[in-house]
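Enquirer:
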Amino acid sequence: MAKIKPSSFINEIKHNIAEKDAVKAEIVLSHIVEMELAVQKEALDLFWLSPAEFAIPLLAAVLDRYPYLSNSFPEIKEHLVAKILEAPMAYLEILQDGKSDSRGFLIELAGEIGLDDAYHVLMALLNNESDHDLLQKIVVALGEIGDSGAASNIAELLYTDDDELVMAAVTALGHLGSSTAIHRLSEKLGFKKELDFAILDVFMNVQSQEAIKKLNHTLTSHHAHVRSAGKEKLILLGSKALPILSENLLQGDPDLLIHTLNVMGDMGDEGAISAIRKLIHKQPRDANVRFAAYETLGRLPLTKGAYVLAAGLQDPVDNVRSAAATAIDCNYNEILAAGLKNMVRIEDEEAEELVRTVISTQSGNIFLDLLEIDFFRKFALEYLGQEAHAEIREFFIALLKDNDMQDELACLADDDKSAPAPAAETAKKRVVAIDDSKMILGIFRSMLHALGYEPFIFIDPEVAVEEVIQLKPDAVLTDLNMPGITGIEVTRRLREKFSKDELPIIMVTTQNENHDNEAAKAAGISDILHKPFTKEGIGEALARYLG
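Residues in the sequence shown are numbered from 4 upward in steps of one, following our numbering.
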């Protein structure tokens with residue numbers, strides 16, 4: 004076929020426009036790619052002065068068939084949009100024409116420009132169209148147009164077997180952001196993990212009161228991955244989520260209270276302090292709640308009212324006392340110091356337990372202040388020299404050096420010299436502990452050391468999985484609710500490398516949900532312990548598997 008001359012090409016287009024011969028114009032335009040870019044632009048510019056009914060289908064067909072033209076000449080697409088706005092009825096007729104090859108392109112364009120006039124036509128197409136690609140484009144366009152009346156119809160697609168269509172529906176409902184859209188999305192939570200994450204992203208992006216409420220509801224979800232992801236979103240919301248989180252602390256559900264306190268701690272907003280103090284004043288019966296409350300206050304800037312922390316040092320549960328000690332150390336002041344000194348001067352078993360707690364939690368401010376009391380000084384240095392884990396001892400040695408406390412350093416050195424040489428023994432069994440709480444990890448380390456195991460602690464579950472594969476420990480202790488991946492997912496990944504006989508994995512959690520327990524067992528958990536745990540409880544559980 005002879006090559007068409009540029010001048011002939013342009014003249015033919017002009018003639019077709021003058022005669023309004025759309026059929027011939029479409030044939031001629033099929034040769035547009037044979038022309039130089041300048042000629043292509045000249046030809047398309049000719050349609051600017053043509054009637055909208057004539058120009059719309061032809062420009063749409065060319066831009067749909069040759070997408071590069073929209074990038075090379077963005078003004079051509081602008082011409083098409085102008086023609087659509089000039090004659091929307093002509094455009095809508097093309098949308099309804101099942102024979103038009105450029106319907107998909109024009110549907111996308113309706114969404115891009117937010118064409119309200121296209122809403123009713125697109126809704127009709129949504130209910131009657133069966134083509135997958137067109138349906139997906141219709142859903143996206145309706146979302147971009149933003150008429151909330153489309154929410155229920157789009158939401159029905161959440162229950163199809165077409166994953167791409169489902170995700171398009173999620174995105175569209177997110178654009179709508181109406182109460183109905185948010186409610187229908189929340190109903191779909193818990194079916195597929197990837198879908199759950201996409202829905203929670205929508206709630207995070209919408210940030211309406213309804214969306215924030217739904218994120219808050221994830222704290223009571225039966226699915227660990229939903230709870231963990233929901234917590235991450237609430238943390239990112241910051242002060243916007245604080246009012247509803249504060250309301251949570253008025254409830255009686257221990258799991259909800261603990262998850263809420265965890266979120267408040269990670270959020271770091273001092274606006275949470277008042278609600279947490281009120282919770283502590285109520286003296287919650289659940290030790291895990293008390294632990295979480297003190298741990299959270301230790302992560303917030305307590306400019307006043309720190310006295311509320313002192314009661315935690317007399318809690319009957321070791322872990323709660325540890326959390327209170329850490330919080331006091333972070334907010335240490337003269338009032339708290341006076342109370343602690345009075346407690347130590349009694350020189351009873353509670354005073355000894357306080358010394359152990361201060362050391363095991365590495366509460367440096369308290370330690371330095373109480374060294375002036377003979378009882379504390381003697382007991383603390385003996386405990387450091389003879390019983391404390393090596394890492395804890397190194398922490399306090401560094402602290403003493405930084406404060407030029409030569410006498411105390413000399414006492415520790417004497418303790419090391421006088422300590423009996425360790426008897427020959429077999430290598431200690433290695434136990435890994437995984438938890439997103441530094442406080443819990445510190446407790447694990449001290450307990451495992453006291454039980455005669457070599458502890459390895461990890462705050463990041465993703466890192467922990469890789470390290471466990473390399474380390475090949477004798478047992479693993481893991482939390483359930485952690486950011487990133489849950490303890491259930493940690494177990495699944497480790498079970499790909501280790502059988503139950505090769506590696507016992509014990510889940511230690513505040514949660515006591517049947518759904519979680521079943522999911523944990525299905526993943527390959529060996530045993531489940533509930534917080535607050537004790538040294539004896541951990542020891543018995545490990546002994547069942549390690550002898």
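A virtual CB, placed ideally from N, CA and C, is assigned to each residue, including glycine.
Computed from a predicted structure; not experimentally measured.
Considering only residues of the same chain and omitting the five flanking positions on each side of LEU179, which have a CB-CB separation below 7 Å?
Expert: In the sequence shown, the residue the question calls residue 179 occupies position 176. Counting only Cβ-Cβ distances below 7 Å, and skipping sequence neighbours, we find GLY146, GLY149, SER151, ALA153 and ALA154.
Enquirer: Per DSSP, which one or two residues make a beta bridge with VAL479?
Expert: In the sequence shown, residue 479 corresponds to position 476, counting from 1. VAL479 pairs with VAL435 and ILE508.
Enquirer: CB VAL42 to CB ILE13, shorter than 8 Å?
Expert: The count along the sequence shown starts at 1 and reaches residue 42 at position 39. The count along the sequence shown starts at 1 and reaches residue 13 at position 10. Between VAL42 and ILE13, the gap from beta carbon to beta carbon is short of 8 Å.
Enquirer: Three or more beta-carbon pairs under 8 Å between the stretch 429-448 and the stretch 458-471, yes or no?
Expert: yes
Enquirer: Mind checking which residues open and close the alpha helix (DSSP H) that includes PHE12?
Expert: The count along the sequence shown starts at 1 and reaches residue 12 at position 9. Where PHE12 is concerned, the enclosing alpha helix (DSSP H) stretches over 9-22.
Enquirer: What is the DSSP secondary structure of PHE1, reduced to helix, strand or coil?
Expert: Coverage of the chain is limited to positions 4 through 550, which leaves residue 1 absent and any answer about it impossible.
Enquirer: Comparing C-alpha positions only, which one of HIS82, TYR71, ASN74 and SER75 sits nearest to LEU62?
Expert: Along the sequence shown, read from residue 1 onward, the residue named residue 62 stands at position 59. With distances taken between Cα atoms, LEU62 lies closest to HIS82.
Enquirer: Classify ASN265 as buried or exposed, calling it buried when 16 or more other Cβ atoms lie within 10 Å of its own Cβ.
Expert: Residue numbering aside, residue 265 sits at position 262 when the sequence shown is read from its first letter. Classification of ASN265: buried, given that the 10 Å Cβ count is 16 or more.
Enquirer: By the 10 Å Cβ neighbour count, where 16 or more other Cβ atoms means buried, how is TYR162 classified, buried or exposed?
Expert: Translated into the one-based positions of the sequence shown, residue 162 becomes position 159. So TYR162 counts as exposed.
Enquirer: Could you name the residues that DSSP lists as bridge partners for GLU469?
Expert: As a first step, residue 469 is located in the sequence shown; it is residue number 466 there, counting from the start. Checking the DSSP bridge columns, you'll see GLU469 has no partner listed.
Enquirer: Suppose the cutoff is 8 Å on Cβ atoms and the five residues either side in sequence are ignored; what does the same chain contact list for SER224 look like?
Expert: For this step, residue 224 is matched to residue 221 along the sequence shown. The residues are LEU192, GLY193, ARG230 and GLY233.
Enquirer: Which residues in the same chain have their Cβ closer than 7 Å to the Cβ of LEU188, if we skip the five residues on either side of it in sequence?
Expert: Position 185 of the sequence shown, counting from 1, holds the residue named residue 188. Contacts found: VAL173, LEU176, ILE202 and VAL205.
Enquirer: When DSSP builds the beta bridges, which residues end up paired with HIS533?
Expert: The sequence position of residue 533 within the sequence shown is 530, counting from 1. THR512, per the DSSP bridge assignment.
Enquirer: Taking only runs of the alpha helix (DSSP H) that begin and end inside the stretch 177-256, which ones reach a length of at least 4 residues, in chain order?
Expert: Counting whole runs of 4 or more residues, the stretch 177-256 contains the alpha helix (DSSP H) stretches 182-190, 196-209, 212-220, 227-240 and 245-251.
Enquirer: Return the chain-ordered list of same chain residues with a C-beta closer than 7 Å to the C-beta of PHE379, the five sequence neighbours on each side being excluded.
Expert: Reading the sequence shown from its first residue, position 376 is the one you call residue 379. VAL347, VAL358 and LEU373.
Enquirer: Using the three-state DSSP reduction, which class does PHE76 fall into: helix, strand or coil?
Expert: For the purposes of this step, residue 76 is taken as the residue at position 73 of the sequence shown. The three-state secondary structure of PHE76, taken from DSSP, is coil.
Enquirer: Under a Cβ-count criterion, where at least 16 other Cβ atoms within 10 Å of its own Cβ denotes burial, should ALA306 be classed as buried or exposed?
Expert: As a first step, residue 306 must be located in the sequence shown, where it is residue number 303. The sequence as given places Thr at residue 306; Ala does not occur at that position. Exposed, since its Cβ has fewer than 16 Cβ neighbours within 10 Å.
Enquirer: On the DSSP bridge assignment, give the partners of PHE108 in chain order.
Expert: The count along the sequence shown starts at 1 and reaches residue 108 at position 105. Per DSSP, none; premise fails for PHE108.
Enquirer: Let me make sure I understand the geometry here. Which of SER182, ILE491, GLU350 and ASP477 has the alpha-carbon closest to that of LYS217?
Expert: Within the sequence shown, residue 217 is the residue found at index 214, counting from 1. Ranking SER182, ILE491, GLU350 and ASP477 by Cα distance to LYS217 puts SER182 first.
Enquirer: Nearest to ILE528 by alpha carbon, out of SER53, TYR548 and GLN210?
Expert: As a working note, residue 528 is residue 525 in the sequence shown. Closest by alpha carbon: TYR548.
Enquirer: On the DSSP bridge list, what partners appear for GLU457?
Expert: The residue labelled residue 457 in the question sits at position 454 within the sequence shown. GLU457 is bridged to ARG433.
Enquirer: What do you reckon, are the CB atoms on LEU415 and LEU384 nearer than 8 Å?
Expert: Numbered from its first residue, the sequence shown carries residue 415 at position 412. Numbered from its first residue, the sequence shown carries residue 384 at position 381. The answer is yes: Cβ separation under 8 Å.
Enquirer: Quick check: the stretch 475-489 against the stretch 320-333, are there 3 or more CB pairs under 8 Å?
Expert: no
Enquirer: Let's see if you can read the secondary structure: which residues bound the alpha helix (DSSP H) around SER277?
Expert: Locating residue 277 in the sequence shown gives position 274, counting from the first residue. It spans 276-284 - the alpha helix (DSSP H) in which SER277 sits, taken as one unbroken run.
Enquirer: Beta-carbon separation of MET442 and ALA327 under 8 Å?
Expert: Translated into the one-based positions of the sequence shown, residue 442 becomes position 439. Translated into the one-based positions of the sequence shown, residue 327 becomes position 324. No; because the gap between Cβ atoms is not below 8 Å, this pair is not in contact.
Enquirer: Closer than 8 Å, CB to CB, is ASP530 near chain D or not?
Expert: No chain D is part of this structure, which consists of one protein chain only.
Enquirer: For the alpha helix (DSSP H) that THR299 lies in, which residues bound it at each end?
Expert: Locating residue 299 in the sequence shown gives position 296, counting from the first residue. Taken as a continuous stretch (DSSP letters only), the alpha helix (DSSP H) holding THR299 covers 290-300.
Enquirer: Would you kindly report the start and end of the unbroken alpha helix (DSSP H) that includes SER363?
Expert: Taking the first residue of the sequence shown as position 1, residue 363 is located at position 360. Segment 352-363, the alpha helix (DSSP H) holding SER363.
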